[in-house]
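Structure first, commentary second.
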Amino acid sequence: FLNCKVGHFPCSYLGLFIGANPNRLSTWQTVISKAPTGVISQLESLLKNFLWGGDDEHRKIAWVSWDDVCKEKHYGGLGVRDLRSFNLALLGKWRWRLLVERDCLWVKVITSIYGAVTSLNRRGGRKGVSRWWYDLWNIEEGATITCNWFSKECVRVVGNGRNTSFWRDPWCTTKPFCERYSRLFSISNNKDMSVADMKLCREAESGWNWCWRRQLFQWEQS
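Residue 44 is where the sequence shown starts when you use this note's numbering, and the numbers rise one by one after that.
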């Protein structure tokens, strides 16, 4: 009579999934933005009031810290998700896909706008970038998970070396050369070069294309 179609769950209403299973990965597949701090704080406040029995007028004593509540059950917690960490982990998923799905159309579009991504530790703080791009490359700053949590868990597969930063990516050891040899990195003129660009392949010689701001001391060469 009203010419309306019969819907079914799960469905999307005003950008929100209604009736979706929160434990399924596909439910969160479209999450691409960092949630505002104020929104997360309000959601956590609702969760805390529900668990601790408080309301807007009366606050009860929290006998257990919220960090302990968010721990997994086998660690003595209740298994409640830490919303900040969960949101950062979802952003980390997009950062990972950006690095490994280079032949996908969406990656090519992003690359045409912001340039090729050649480092795990690239920062998106320059002017003129979108908020999503800025958040994507700064998810490790101020994170509640652990400092540099994304970069520390990734190791580059070098391949031809064109997409691997010589200094900034952990391609040879678990720690990038910029941290392991910070003094040499500070005087290098090739801070942004890839492994392929640093490698010398000539008929008469082979080695690395070093370029320093000054001549190295004897103890630095060893």
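Note that beta-carbon positions come from the ideal geometry of N, C-alpha and C, so glycine has one too.
Bridge partners - residue i, DSSP secondary structure assignment
i: Ser208; result: Ser237
i: Lys242; result: Trp251
i: Ser231; result: Trp255
Pairwise C-alpha distance: residue j and residue i
i: Asn232; j: Cys254; result: 6 Å
i: Ser84; j: Arg174; result: 20 Å
i: Gly168; j: Cys113; result: At Gly168, the pLDDT of 49 sits below 50, so the modelled position is not reliable and the matter cannot be decided from this model.
i: Gly119; j: Asp111; result: 7 Å
i: Thr187; j: Leu90; result: Note that Thr187 scores a pLDDT of 48, beneath 50, so its modelled location is shaky and nothing firm can be said.
i: Thr80; j: Tyr224; result: 36 Å
i: Phe44; j: Val82; result: Residue confidence is low: Phe44 scores 49 on pLDDT, short of 50, so the model does not pin down where it sits. Its coordinate-derived value is still stated next. Each residue's Cα considered, the two are about 41 Å apart.
i: Lys116; j: Val172; result: 40 Å
i: Lys195; j: Thr217; result: 8 Å
Same chain only: Cβ atoms within 7 Å of residue i, ignoring 5 sequence neighbours per side
i: Ile230; result: Trp255, Arg256, Arg257
i: Gly135; result: Ile182, Phe193
i: Leu121; result: Val112
i: Cys147; result: none
Supposed close pair residue i, residue j - CB separation, criterion 8 Å
i: Val201; j: Val143; result: Not a contact, Cβ separation roughly 14 Å.
i: Arg211; j: Cys221; result: 5 Å
Beta-carbon proximity check, residue i vs residue j, cutoff 8 Å
i: Val198; j: Pro213; result: yes
i: Leu133; j: Glu87; result: no
i: Leu179; j: Arg138; result: yes
i: Asn252; j: Asp235; result: no
Cβ shell of residue i (< 6 Å), same chain only, five flanking positions each side left out
i: Arg145; result: none
Beta-carbon proximity list for residue i, same chain, < 8 Å, skipping 5 on both sides
i: Phe209; result: Phe220, Asn233, Met236, Ser237, Val238, Asp240, Met241
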